[in-house]
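Engineer: Okay, here's the structure, questions in a sec.
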Amino acid sequence: MVALAGILALQGGFEAHERMLARLGARTRQVRLAADFEGLDGLIIPGGESTTMWKLLHEENLVEPLRAFVASKPVFGTCAGAILLASKVTHPDQEALCAMDYTAVRNAYGRQIDSRVTVLTPEPEFEDRTEPGDLEAVFIRAPILRDLGDGVTVLARYLDDPVLVEQGPYLAAAFHPELTDDPRVHSLFLGKLGHATG
Ligand code: GLN
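Take the sequence shown: its position 175, counting from 1, is numbered 175 in this note's numbering, and each next residue is one higher.
Right, dumping it as structure tokens:
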């Protein structure tokens, strides 16, 4: 089955996700209106600026359609997207979709490692379901994910903090897998949509 994946395209880095999904053979649609959710198998909420994203979601009357979609389908959030999916957001406090059981502490790595490219060794739960091998991770003013609930599985860590986590139909990355050449995180997500990436 070829999945149809939506990418929230109000703001931020949606185009790189689009390219990665297309490379994996999925169909994609940029989501800007409530009607754009119709028929999607899943959704990516990209990186960007989460406060701006909320502001635009309210302005475009997309908050309720987004909440309804998130309640029914797989969703993958990267960076600002991971902040939106959290159950709680701090630094500063902000509203949340409460899809995943963790607290997102915004911009929490501080200036020194504000934005950097590093290499992570994923957890076996990741490698067993994709392919083995280290994962290049691009961090851009990333949040730290804290206070994970029991239902959250950690797929990769950076400096002991969880940076790639999964909970049922949801996946969240504090980093930007769409900005690397490694399609495994997107491939894992498309698997949740029933898309076979081979
Ligand atoms: N720092 C941003 C925020 O708080 C997220 C950064 C990103 O998405 N790359 O929303």
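Glycine included, C-beta positions come from ideal geometry on N, C-alpha and C.
No experiment lies behind these values; they were computed from the predicted model shown.
Can you list, in chain order, the residues of its chain whose CB lies under 7 angstroms from that of Y56, leaving out five sequence neighbours each side?
Structural biologist: Position 56 of the sequence shown, counted from the start, is the residue given in the question as residue 56. At residue 56 the sequence reads Leu, which differs from the Tyr that was named. L10, Q11, listed in sequence order.
Engineer: Give the DSSP-derived three-state secondary structure of F76 in the structure shown.
Structural biologist: Taking the first residue of the sequence shown as 1, we reach residue 76 at position 76. Of the three classes helix, strand and coil, the one that applies to F76 here is strand, per DSSP.
Engineer: Once the 5 residues before and after G151 are set aside, which same chain residues still bring their CB inside 8 angstroms of it?
Structural biologist: The residue given as residue 151 occupies position 151 in the sequence shown. Cβ neighbours of G151 beyond the five flanking positions: D101, Q167, G168.
Engineer: Take M1 and list the residues in its own chain whose beta-carbon comes closer than 6 angstroms to its own, dropping the five residues that flank it on each side.
Structural biologist: Taking the first residue of the sequence shown as 1, we reach residue 1 at position 1. Result list for M1: G194, in chain order.
Engineer: Around the Cβ of L159, are there at least 16 other Cβ atoms within 10 angstroms (buried) or fewer (exposed)?
Structural biologist: On the sequence shown, position 159 is the one that residue 159 refers to. By the neighbour-count rule (16 or more Cβ atoms within 10 Å), L159 is not buried but exposed.
Engineer: By a C-beta neighbour count over all protein chains shown, 10 Å radius and 16 as the cutoff for buried, is L33 buried or exposed?
Structural biologist: Position 33 of the sequence shown, counting from 1, holds the residue named residue 33. Per the 10 Å Cβ criterion, exposed.
Engineer: Can you tell me where the beta strand (DSSP E) holding P162 begins and where it ends?
Structural biologist: Here residue 162 refers to the residue found at position 162 of the sequence shown. 161-167 is the extent of the beta strand (DSSP E) around P162.
Engineer: When every heavy atom of the ligand GLN is checked, does at least one fall within less than 7 angstroms of the C-beta of C98?
Structural biologist: Residue 98 sits at position 98 when you count from the first residue of the sequence shown. False, no ligand heavy atom lies under 7 angstroms from that Cβ.
Engineer: Below 8 angstroms on the Cβ atoms is my contact criterion, and I expect E136 with T78 to pass it. Report the Cβ-Cβ distance as a whole number of Å.
Structural biologist: Start at 1 with the first residue of the sequence shown, and residue 136 comes out as number 136. Start at 1 with the first residue of the sequence shown, and residue 78 comes out as number 78. Between T78 and E136 the Cβ distance is about 14 angstroms, and since that is not below 8 angstroms, they are no contact.
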